[in-house]
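A.B. asks: Here you go, one structure.
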Amino acid sequence: MKKVILDVDTGIDDALAMILAFKSEELDILGITTVSGNVCLDQAALNTKKVLTWLGLGNQVKIFRGADRPLLREPVFEHEVHGNDGLGGALKDMEADMPEDGAVDFIIEQAEKYKGELTLIPTAPLTNIALAIRKKPEITQWIKEMVIMGGSVKSLGNITPLAEFNSYVDPEAAKIVFHSDMPITLVGLDVTKKALLTDEHIAQLEGSRVGEFVKNATAHYMNNSYKRNGVKSCALHDPLAVGVALDKSLVKTEKLYVDVETKSELCDGQTVCDFGNRLGKEPNIDVCLEVDHEKFIRMFIDYLKR
Ligand code: BDR
Ligand code: CA
Numbered sequence: 027m028k029k030v031i032l033d034v035d036t037g038i039d040d041a042l043a044m045i046l047a048f049k050s051e052e053l054d055i056l057g058i059t060t061v062s063g064n065v066c067l068d069q070a071a072l073n074t075k076k077v078l079t080w081l082g083l084g085n086q087v088k089i090f091r092g093a094d095r096p097l098l099r100e101p102v103f104e105h106e107v108h109g110n111d112g113l114g115g116a117l118k119d120m121e122a123d124m125p126e127d128g129a130v131d132f133i134i135e136q137a138e139k140y141k142g143e144l145t146l147i148p149t150a151p152l153t154n155i156a157l158a159i160r161k162k163p164e165i166t167q168w169i170k171e172m173v174i175m176g177g178s179v180k181s182l183g184n185i186t187p188l189a190e191f192n193s194y195v196d197p198e199a200a201k202i203v204f205h206s207d208m209p210i211t212l213v214g215l216d217v218t219k220k221a222l223l224t225d226e227h228i229a230q231l232e233g234s235r236v237g238e239f240v241k242n243a244t245a246h247y248m249n250n251s252y253k254r255n256g257v258k259s260c261a262l263h264d265p266l267a268v269g270v271a272l273d274k275s276l277v278k279t280e281k282l283y284v285d286v287e288t289k290s291e292l293c294d295g296q297t298v299c300d301f302g303n304r305l306g307k308e309p310n311i312d313v314c315l316e317v318d319h320e321k322f323i324r325m326f327i328d329y330l331k332r
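Residue numbers for the sequence shown follow this note's numbering, beginning at 27 and rising by one.
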C-alpha cells in the first residue's frame, strides 16, 4: 500500500477527496494535516475531524493542525464556494473535538520514518509543506513524491483572473515547494475543471449514506456554480489529486519548468509554465495537461459505492 499524508483545508472537495482516499483501500493514510485555506485553520481542522467521524474513523486516524496563516500574507477564505462552515452545512449538527497542533513536525517525522516511501497529497495552500521544508530541508530527499492540487498552466484562474486559489493564497509557499527538487505532479485547473460531478452522477449514489452526504455537501457548491456560469456541477479538484495518486494513467503529463508569481499587482499566485523553455531552466514539475475525466468520474463513483 502506498503510504500517504493528505494536507487539506477542508472544504467541500477536500472532504470528497478524503472520502475517496479512505474508500480506495489502496492507500495507507498515515495521517491528515490541516491548514488555513478555504476556511480558517480551526474550521478546517474541525471539518476534517467531522468527515473522519462521519466515516467511522474519528479516533483511528491522526489529524493535526498546522499553519493558521500563509507565510507572509493575510489569509484569504473561500466561503462563497464552500459555505460559511466550509462543508456547505453538510455536517453542521455534528459535534467534534478540536485536533491537536503539530502538522509540520508530523510531516517531518513520517518523511524520516518512511524514507523514500511517503507520498504527500496537498489539496490546499502549501504553507505546511513549505514550513516543513524550511525546518528540515532533508525531507526533500526523503519524500518519494507529491501530488499537488494547485495552479493553472493553460487555463485562467478561479480566484483572480489568472491565479488558482491554492497557489494564490500562499504563493511564497508554493515557490518554496516548486523549487524543492521533490518529484511533483501538479494537478491544476487545466484538468480539475474537466472532472465535473453532476446531478446525474449524484443520482447514481442515491439511496446510500455516502450519496446523501455528497448531495448535501455539494448543493451549495452546485448552486454557486449555476449562478456563476449557468452549469450545475461541482469540480472535483481535490478528489482528482487523490485519483492521480492512485492511478497516474488518468492523466497525461509533461515535465516542464513551472514557477509562481509573487511580485505582481495583478498576477500574484499565477503559475507560470515555460512551455517553450524560453527561460532555459531545468524542468521541475510533471504538469497534468490532459485527463480522462470519464474514467476518473467512474472511479470516483465506484469507489464511493464501496
Ligand atoms: C482549490 O481551491 C479550493 O477552494 C478547493 O478546495 C481546491 O483545493 C481549487 O482551486
Ligand atoms: Ca482544498
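Heads up, the beta-carbon is just placed ideally off N, CA and C, and yes, glycines get one too.
All figures in this text were calculated on a predicted structure; none of them were measured in a lab.
Reducing DSSP to helix, strand and coil, say where alanine 221 ends up.
C.D. replies: In the sequence shown, residue 221 corresponds to position 195, counting from 1. Alanine 221: coil per DSSP, three-state reduction.
A.B. asks: Straight-line CA distance for leucine 272 to phenylalanine 326?
C.D. replies: Here residue 272 corresponds to residue number 246 of the sequence shown, with the count starting at 1. Here residue 326 corresponds to residue number 300 of the sequence shown, with the count starting at 1. Leucine 272 and phenylalanine 326: Cα-Cα distance of roughly 11 Å.
A.B. asks: Quick one: residues in its chain with C-beta nearer than 8 Å to the C-beta of valine 30, no 5 flanking neighbours on either side, listed in chain order?
C.D. replies: Here residue 30 refers to the residue found at position 4 of the sequence shown. Ala47, Leu53, Asp54, Ile55, Leu56, Leu144, Thr145, Leu146, Ile147 and Ala271, listed in sequence order.
A.B. asks: Kindly indicate which three-state DSSP category lysine 307 falls into: helix, strand or coil?
C.D. replies: Taking the first residue of the sequence shown as position 1, residue 307 is located at position 281. DSSP places lysine 307 in coil when its eight states are reduced to three.
A.B. asks: DSSP beta-bridge partners for threonine 59?
C.D. replies: Position 33 of the sequence shown, counted from the start, is the residue given in the question as residue 59. DSSP, once it has assigned bridges, lists Asp33 and Phe90 as partnering threonine 59.
A.B. asks: With DSSP as the reference, label threonine 153 as helix, strand or coil.
C.D. replies: Taking the sequence shown and counting its residues from 1, one reaches residue 153 at position 127. The answer is helix: DSSP assigns threonine 153 an H, G or I state.
A.B. asks: Rounded to the nearest angstrom, what separates aspartate 254 and glycine 176 at their Cα positions?
C.D. replies: Reading the sequence shown from its first residue, position 228 is the one you call residue 254. Reading the sequence shown from its first residue, position 150 is the one you call residue 176. It should be noted that the sequence gives arginine, not aspartate, for residue 254. Roughly 21 Å between the two C-alpha positions.
A.B. asks: Compute every distance between the C-beta of valine 107 and the non-hydrogen atoms of ligand 1, then say whether any falls below 8 Å.
C.D. replies: Here residue 107 is taken as the residue at index 81 of the sequence shown, counted from 1. It does: the Cβ of valine 107 is within 8 Å (strictly closer) of some heavy atom of ligand 1.
A.B. asks: Assign threonine 79 to one of three DSSP states: helix, strand, or coil.
C.D. replies: Residue 79 sits at position 53 when you count from the first residue of the sequence shown. In the structure shown, threonine 79 sits in a helix (DSSP, three-state: H, G or I).
A.B. asks: To the nearest angstrom, how far is it from the Cα of lysine 219 to the Cα of glycine 183?
C.D. replies: Mapped onto the sequence shown, residue 219 falls at position 193. Mapped onto the sequence shown, residue 183 falls at position 157. Computed Cα separation, rounded: 11 Å.
A.B. asks: Tell me which same chain residues have a C-beta within less than 8 Å of the C-beta of cysteine 66, skipping the five on either side of it?
C.D. replies: Within the sequence shown, numbered from 1, the residue matching residue 66 stands at position 40. Same-chain partners within the cutoff: Asp94, Pro101 and Phe103.
A.B. asks: Starting from serine 251, trace the beta strand (DSSP E) both ways and give me its first and last residue.
C.D. replies: Working through the sequence shown from its first residue, we reach residue 251 at position 225. No beta strand (DSSP E) contains serine 251, which is instead part of the alpha helix (DSSP H) from 235-255.
A.B. asks: Does the structure place the segment 224-232 close enough to the segment 133-143 that three or more beta carbon pairs sit under 8 Å?
C.D. replies: The answer is no - the segment 224-232 does not touch the segment 133-143, with fewer than three Cβ pairs under 8 Å.
A.B. asks: When the Cα atoms are used, what is the spatial distance from aspartate 207 to methionine 120?
C.D. replies: For the purposes of this step, residue 207 is taken as residue 181 along the sequence shown, with counting starting at 1. For the purposes of this step, residue 120 is taken as residue 94 along the sequence shown, with counting starting at 1. So the alpha carbons of these two residues sit roughly 41 Å apart.
A.B. asks: Within its chain, find whatever has a CB closer than 7 Å to the CB of aspartate 225; leave out the 5 residues flanking it on each side and keep chain order.
C.D. replies: Working through the sequence shown from its first residue, we reach residue 225 at position 199. Once the five neighbours on either side are set aside, the close Cβ partners of aspartate 225 are Lys258.
A.B. asks: Can you say whether arginine 91 is buried or exposed, counting buried as having 16 or more other CB atoms within 10 angstroms of its CB?
C.D. replies: Stepping through the sequence shown from its first residue, residue 91 is reached at position 65. Burial call: buried.
A.B. asks: Taking DSSP as the reference, what is the three-state secondary structure of glutamate 126?
C.D. replies: Walking along the sequence shown from the start, residue 126 turns up at place 100. Glutamate 126 falls in the strand class under three-state DSSP.
A.B. asks: Using a Cβ-Cβ cutoff of less than 8 Å, which residues in the same chain neighbour methionine 124 once the five nearest sequence positions on both sides are dropped?
C.D. replies: Taking the first residue of the sequence shown as position 1, residue 124 is located at position 98. So the qualifying residues of the chain are Asp68, Ala71, Leu72, Lys75 and Arg91.
A.B. asks: With DSSP as the reference, label isoleucine 133 as helix, strand or coil.
C.D. replies: Translated into the one-based positions of the sequence shown, residue 133 becomes position 107. Helix at isoleucine 133.
A.B. asks: Run through the DSSP bridge pairs and tell me what aspartate 285 is partnered with.
C.D. replies: Stepping through the sequence shown from its first residue, residue 285 is reached at position 259. Partner(s): Val298.
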